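This note's numbering numbers the first residue of the sequence shown as 39 and each following residue consecutively.
We put the CB at the ideal spot given by N, CA and C, even for glycine.
Only a predicted model underlies this, so the values are computations on that prediction, with no experimental measurement involved.
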Amino acid sequence: MNYCKRCLYPENHPLNLWIDEEGVCSGCRVHEEKYKIDWSAKEKELAELLNHYKERPGSSYDCVIPVSGTGDDFFVVDTIKNKFGLKPLLVTYNTHFNTKVGVRNLARLITELDCDHMYSTVGPDTVKEITRLTLQKIGDMYWHVLAGSATFPVQVATKLHIPLVIWGVNGWLDQVGMFSHHDRVEMTKKVRKEHALRRHDAETLIGGSDKVSDKDLQAFTYPSDEQLEKSRVRGLYLGNYVFWDSQKQIEDMIEKYGYETMEQERTFNHYESIYCWNNASVHDYVKFLKFGYGKVSDHASRDIRLKRMSREEGIELVKKYQDVKPQALNKFLQWVGLSEQQFMDYIEPFRDPELWRKEANGEWTLLDSIVNHADDEGVDPVRLEVNDPREYKLTGLMEEHSLDDDYILYGRAYMDEANYKAIEG
39 MNYCKRCLYP
49 ENHPLNLWID
59 EEGVCSGCRV
69 HEEKYKIDWS
79 AKEKELAELL
89 NHYKERPGSS
99 YDCVIPVSGT
109 GDDFFVVDTI
119 KNKFGLKPLL
129 VTYNTHFNTK
139 VGVRNLARLI
149 TELDCDHMYS
159 TVGPDTVKEI
169 TRLTLQKIGD
179 MYWHVLAGSA
189 TFPVQVATKL
199 HIPLVIWGVN
209 GWLDQVGMFS
219 HHDRVEMTKK
229 VRKEHALRRH
239 DAETLIGGSD
249 KVSDKDLQAF
259 TYPSDEQLEK
269 SRVRGLYLGN
279 YVFWDSQKQI
289 EDMIEKYGYE
299 TMEQERTFNH
309 YESIYCWNNA
319 SVHDYVKFLK
329 FGYGKVSDHA
339 SRDIRLKRMS
349 REEGIELVKK
359 YQDVKPQALN
369 KFLQWVGLSE
379 QQFMDYIEPF
389 RDPELWRKEA
399 NGEWTLLDSI
409 VNHADDEGVD
419 PVRLEVNDPR
429 EYKLTGLMEE
439 HSLDDDYILY
449 GRAYMDEANY
459 KAIEG
């Protein structure tokens, strides 16, 4: 496998990247733009754009902001409401995999930022059946979260005639350089299907199970072209207009609003994905089983690009976390109603044969990894010097967290000094 000589990404990245003649990937090249852009001019451009949406007649809200209670969500809402003066409606698609800290952080976001909020919860049995179906058909246990989170905000915007949805960072730009910052790419129906869902929208699942009807899939069905044209909803990425730096942004939110952080099983990053039991756990483990790398490479690659970590330090973190089988897998299997063997059988057809080989005894061998490419020729000429080393902070938790905790379907929706636990008192 060919790997970027600057960061840790493999050429088989599922979002697609290319590696140039110097051995540097497209994600690293697009990241270089961040240090050349006049961000103050970008901010003025954003302010002028947002002014067109302030206090428009016929709507109680200026924009919709999708949230799940992440530190990036705090930053987006704080920026849009307090810096630019818009009135947002916050909307959340329920993952069904909520953690205690995730429930508290979402409640803290709603309370501290004083915003109206809408929540969408699909029936648990429907979600479980869809999860079994997507595991079998496309090798993905997280499809319902990706589809629901990308669909519900736009459904709300079209129904309530709110013409603007504001997202955080464009992951396809930020990770793999699919677009340039100068392209000002927006979130659209096409972008959602081709990139967020990798062409697997709700229609892919129709007829896949007699337990999932067309009506059950409405929560994952994007508004029609006619509805979109009538409502003229557009989706902006804040990351096109500000220097997006999740670590610094979240640390500001820790200081300003008390955002809580927590250790995770498969990555060193304590800030992101902690709202969900599976995002950086089982979902990430599936990515490793398919593509031979995990979220630890995502996080380390970003920190390498931000000059906070050397490539060698990143590779050591990959050694520590990449192969970890999450304890949370047992909880997921019990929830979805599958044995571990059934789960592995569903994943098997989607393993990259360039990276995985099935042995005669049925075990799988990883054939290559960034760990084998620490000393590749050409690394030094494209190396970024570390000039901003930075640790991820653990804040301490307001209540005890255990890997034995259950998923939380519904939890606290507000917080005060006396009422802070995720599901009680």
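Those residues which DSSP pairs with S158 across a bridge: Y131
From C314, D426, H90, residue whose alpha carbon lies closest to that of F135: Of the candidates C314, D426, H90, the one whose C-alpha sits nearest the C-alpha of F135 is C314.
CA nearest to the CA of M225, picked from V334, H182, D58, L266: Out of V334, H182, D58, L266, L266 has the C-alpha closest to the C-alpha of M225.
Closest residue to L53 among K43, E60, S64, C45 (Cα-Cα distance): S64
The region 370-382 touching the region 152-172, judged by at least three CB pairs closer than 8 Å: yes
Residue ranges of each alpha helix (DSSP H) within the region 337-388, 4 or longer: Scanning the region 337-388 from its first residue to its last, the whole alpha helix (DSSP H) runs of 4-plus residues come out as 349-359, 366-374, 378-385.
Contact test: A366 Cβ vs the ligand COA heavy atom, cutoff 6 Å: Among the ligands in the structure shown, none appear at all, so the ligand COA cannot be discussed.
Beta-carbon separation (whole angstroms), L211 vs V223, contact threshold 8 Å: Contact between L211 and V223 is confirmed by a C-beta separation of about 7 Å, below the 8 Å threshold.
Beta strand (DSSP E) segments (min. 3 residues) lying fully within the region 161-224: 202-205
For R270, the nearest candidate out of G277, P261, N278, G209 (CA to CA): P261
Member of V334, H220, Y384, G416 whose CA lies at the smallest distance from the CA of T172: Comparing Cα-Cα distances from T172 to each of V334, H220, Y384, G416, the minimum goes to Y384.
Assumed close pair T259, T189 - CB separation to whole angstroms, cut-off 8 Å: 7 Å
Cβ-Cβ distance between D322 and K333 below 7 Å: yes
Residues that L255 bridges to, as DSSP identifies them: Answer is none; L255 lacks a bridge partner.
Simplified DSSP assignment, three categories, for V102: strand
Closest by C-alpha distance to Q213, when choosing among K175, E70, L144, N143: E70
Where D254 falls, given that 16 or more other Cβ within 10 Å makes a residue buried: buried
Q256 burial status per 10 Å Cβ neighbour count (16 or more: buried): exposed
Residue span of the alpha helix (DSSP H) that contains W77, given as start and end: DSSP places W77 in the uninterrupted alpha helix (DSSP H) bounded by 77-89.
Endpoints, alpha helix (DSSP H) assigned at L147: 138-151
Buried or exposed by the 16-neighbour rule on C-beta atoms within 10 Å, applied to P191: P191 is buried by the Cβ-count criterion.
Pick from L422, F113, L87, H220 that is closest to E351, judged by C-alpha positions: L422
Alpha carbon of Y73 to alpha carbon of Y448, nearest angstrom: If you take the alpha carbons of Y73 and Y448, they lie about 42 Å apart.
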